[in-house]
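K.L.:
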Amino acid sequence: MSLAMPATAPETLAEPLPETLPDAAVDDRAEAGRTAGRTAARGAGLARWGVFAAFLAAAGLPIYMHAPKVFAESQGLTLASLGAVLFGLRLFDLFQDPALGALAARLGPRGRALGVAIAAVSMGLAMLGLFAVTPPIAPLWWFALCLATLFTGWSFLTIAFYATGVSRAETLGAKGHLRLSGWREAGGLIGLCAAAIAPTALGFTGAPYAGFAIAFCVLGLWALWGMRDEWSAAIRPPSGFGGLLRDPGAQGLLALVAVNTAPLAVSSTLFLFYVETVLAAPGWEGPLLILFFIAAAAATPLWARGARRWGARPVLLAAMALAVAAFSWALLLGPGDVAPFALICVLTGAALGADMVILPALFARRMAQVAPGGTEGFSLWSFASKATLALAAASLLPALGMAGFVPGADSQPDTAVLWLGLLYAGLPVLLKLVAAGLLLRLEIDDDKE
């Protein structure tokens, strides 16, 4: 087989190449090489952003799953009192998050690095207080104090981390945001999975939750050391919430985020109780959670590709329909149905992948139009997500208590088991249907291929 040149090639190659390049071309190539070298150098070490994201993720959603269960079973606190504390702390976040965002923006590099160190150490101490220390004061007050410290540190670190990431990504070239986001989101997912399964994996120690707290502290020290030189970038001061709150598109997206996040808040709050009581499968919580989050991660690029081809609305509606079908199936499960529930975890995790990739992109696009460069959009998004978790804890835990559910009891009343199943699986179905209605009414500018 012979290789034939294109028809235009002989004419192109007929003219001899110059022995030397013009000075301007040499300069351009040299500058391009230096730029590429600087970009590559600046891109080195992005794994540290993944480690820090893992540290933050380990203190997020898993705390809503582990902390109420531990304090209810070990300290005898009622679910109603724990739910009230969680709700009150998230209300406090309504006023705290904007102030923390302004603080992170106004601190200089050294001040921000010091603030990050103080926040991270405070989170580690709070985690030890929750899971590795016998409460030195009334357990409910200790629970509230530790969570307040943990949430405050988490909020400051999250705002500083993401705001600094915007400046860092701009040094990485044309696709810097994608590169940094890839490391950050991958690290966050690993941290989330590790925190979810840690108490089960550390069961052999005899003190699994204390082991989880110690491991969290070690991870925090590693994350702090890795990011020690990354806090010098300037953060643009917030410009206020007025533009976002007055914009109909932003209002609609925030409402959609709040309602669409609620099923995850419900299932996260009740997951451990559901597996232990309805499925009668204690010990399976960790593996099932890992399955859920792996499915979410695996499905994310598929949803993103679908959104580019068919648009965000139809793809989000398909994901909502998948979640409704899966949660409806969960209503039919009972003791021993671990295998069907594992498949449900895969389906609901896959549906979550669409929420993870599409909704933030829609909100970021809208925010760029009405509040470019500010931190207020992230603060509102963060508060909407945290508020749903707080409302879930404040409403669901007392409702279970009223139905006669007692955490850690050897047996539960039939009424309590019935209500647990309805709240875990039935309520998300209703919430997803409401979210679908909001999505159908929302104006979306789709970017399709």
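Read left to right, the sequence shown gives residues 824 to 1272 (this note's numbering).
Glycine included, every Cβ here is placed at the ideal spot set by N, Cα and C.
No experiment lies behind these values; they were computed from the predicted model shown.
Would you grab the beta carbon distance between Trp1006 and Trp872 for me? Rounded to a whole angstrom, and I think it's under 8 Å.
P.N.:
At roughly 5 Å, the Cβ-Cβ gap stays under 8 Å, so Trp1006 and Trp872 are in contact.
K.L.:
Check whether the stretch 1204 to 1215 and the stretch 915 to 931 are in contact - that is, three or more C-beta pairs closer than 8 Å.
P.N.:
The answer is yes - the stretch 915 to 931 touches the stretch 1204 to 1215, with three or more Cβ pairs under 8 Å.
K.L.:
If Ala882 and Leu973 are in contact, beta carbons under 8 Å, what's the gap, nearest whole angstrom?
P.N.:
Confirmed, Cβ separation roughly 6 Å.
K.L.:
Does the Cβ of Leu1262 have 16 or more other Cβ atoms within 10 Å, making it buried, or fewer, making it exposed?
P.N.:
Its Cβ being crowded by 16 or more others within 10 Å, Leu1262 is buried.
K.L.:
Rounded to a whole number of angstroms, what is the C-alpha to C-alpha distance between Ala1258 and Thr1028?
P.N.:
Distance between the alpha carbons of Ala1258 and Thr1028: 43 Å.
K.L.:
Between which two residues does the alpha helix (DSSP H) containing Met950 stretch?
P.N.:
Counting along the chain, the alpha helix (DSSP H) containing Met950 begins and ends at 932 to 954.
K.L.:
Just tell me which of Trp1054, Phe966, Pro1105 has its CA closest to the CA of Thr987.
P.N.:
Of Trp1054, Phe966, Pro1105, the residue nearest in Cα terms is Trp1054.
K.L.:
In terms of alpha-carbon separation, which member of Ala1146, Pro1158, Pro1086, Gly1249 lies closest to Lys822?
P.N.:
One cannot answer for residue 822 here, as it falls past the ends of the chain, which runs 824 to 1272.
K.L.:
Can you tell me the Cα-Cα spacing of Ile1020 and Glu1099, whole angstroms?
P.N.:
About 15 Å.
K.L.:
Runs of 4 residues minimum, wholly inside the stretch 1067 to 1149: which ones carry the alpha helix (DSSP H) assignment?
P.N.:
List check, alpha helix (DSSP H) in window: 1071 to 1096, 1108 to 1133.
K.L.:
Should the stretch 1162 to 1176 be called in touch with the stretch 1110 to 1127, which here means at least 3 C-beta pairs below 8 Å?
P.N.:
Cβ pair count under 8 Å is three or more, so yes.
K.L.:
My assumption, with CB atoms under 8 Å, is that Val1240 sits in contact with Val1041. Please give the rounded CB distance.
P.N.:
The pair is not a contact, with the Cβ atoms about 39 Å apart (cut-off 8 Å).
K.L.:
By the three-class DSSP mapping on this structure, what secondary structure does Ser1234 have?
P.N.:
In this structure, Ser1234 counts as coil in the three-state DSSP scheme.
K.L.:
Since Ala927 and Arg935 are thought to touch, with beta carbons under 8 Å apart, how far apart are those beta carbons, to the nearest angstrom?
P.N.:
About 7 Å separates the two Cβ atoms, so the contact holds.
K.L.:
Could you give the C-beta distance for Leu1250 and Val1082, rounded to a whole number, given that I count them as a contact under 8 Å?
P.N.:
Wrong, their Cβ atoms sit about 12 Å apart, outside the cutoff.
K.L.:
Express the C-alpha separation of Ile982 and Ala925 in angstroms, rounding to a whole number.
P.N.:
In a straight line, the C-alpha of Ala925 is about 10 Å away from that of Ile982.
K.L.:
Excluding sequence positions up to five away, which residues of its chain have a Cβ less than 8 Å from the Cβ of Asp851?
P.N.:
Legend: pLDDT at Asp851 = 44, less than 50; position of this residue unreliable, value from coordinates given subsequently. There are no such residues.
K.L.:
Output needed for Pro1158: all residues of its chain with C-beta closer than 7 Å, excluding positions within five of it in sequence on either side, in chain order.
P.N.:
Same-chain partners within the cutoff: Leu1102, Ala1103.
K.L.:
Mind checking Ala1232: buried by the 16 CB within 10 Å criterion, or exposed?
P.N.:
Exposed, since its Cβ has fewer than 16 Cβ neighbours within 10 Å.
K.L.:
For Pro958, does the three-state DSSP call read helix, strand or coil?
P.N.:
Here Pro958 sits in coil by DSSP.
K.L.:
Leu1012 to Pro1022, Cα distance in whole Å?
P.N.:
About 17 Å.
K.L.:
Count the other C-beta atoms from every protein chain shown that fall within 10 angstroms of the C-beta of Ser1234, then say buried if there are 16 or more, exposed otherwise.
P.N.:
Label assigned to Ser1234: exposed.
K.L.:
Taking the straight line between their C-alpha atoms, what separation do you get for Arg1136 and Pro1183?
P.N.:
If you take the alpha carbons of Arg1136 and Pro1183, they lie about 13 Å apart.
K.L.:
CA-CA distance, Tyr887 and Thr1092?
P.N.:
Computed Cα separation, rounded: 6 Å.
K.L.:
Measure the Cβ-Cβ separation of Phe979 and Gly938 and say whether it is below 8 Å.
P.N.:
Result yes, Cβ atoms of Phe979 and Gly938 sit closer than 8 Å.
K.L.:
Report the CB separation of Gly911 from Ser945 in whole angstroms; it is logged as a contact under 8 Å.
P.N.:
Not quite, the Cβ-Cβ distance comes to about 19 Å (not below 8 Å), so this is no contact.
K.L.:
Keeping to the same chain, check which residues put their C-beta closer than 7 Å to that of Leu1140; ignore five residues upstream and five downstream.
P.N.:
These residues qualify, in order along the chain: Ala1259, Leu1262.
K.L.:
Based on Cα-Cα distance, which residue from Phe1228, Met1225, Ala1024 lies nearest to Gly1109?
P.N.:
With distances taken between Cα atoms, Gly1109 lies closest to Ala1024.
K.L.:
When you compare each of Leu1111, Pro1071, Gly1227 to Leu1265 by their alpha carbons, which one comes out closest?
P.N.:
Out of Leu1111, Pro1071, Gly1227, Pro1071 has the C-alpha closest to the C-alpha of Leu1265.
K.L.:
Rounded to whole angstroms, what is the Cα-Cα separation between Phe1096 and Ala1120?
P.N.:
About 25 Å.
K.L.:
Between Ala903, Asp1160, Leu1203, which lies nearest to Gly1075 when the distance is taken from Cα to Cα?
P.N.:
If we check each option's Cα against that of Gly1075, Leu1203 comes out closest.
K.L.:
Return helix, strand or coil for Pro1183, following the three-state DSSP convention.
P.N.:
Correct three-state label for Pro1183: helix.
K.L.:
Taking the C-alpha atoms as reference points, what is the distance between Ala1217 and Ile1181?
P.N.:
About 28 Å.
K.L.:
Measuring only the C-alpha atoms, how far is Leu869 from Leu1245?
P.N.:
Cα to Cα, Leu869 sits roughly 44 Å from Leu1245.
K.L.:
So, at 7 Å on beta carbons, what are the nonlocal neighbours of Leu1154 in its own chain, with the 5 sequence-adjacent residues on each side left out?
P.N.:
Closer than 7 Å at Cβ, skipping near neighbours: Gly1244, Ala1248, Gly1249.
K.L.:
What would DSSP say about Asp1178, mapped onto helix, strand or coil?
P.N.:
Correct three-state label for Asp1178: helix.
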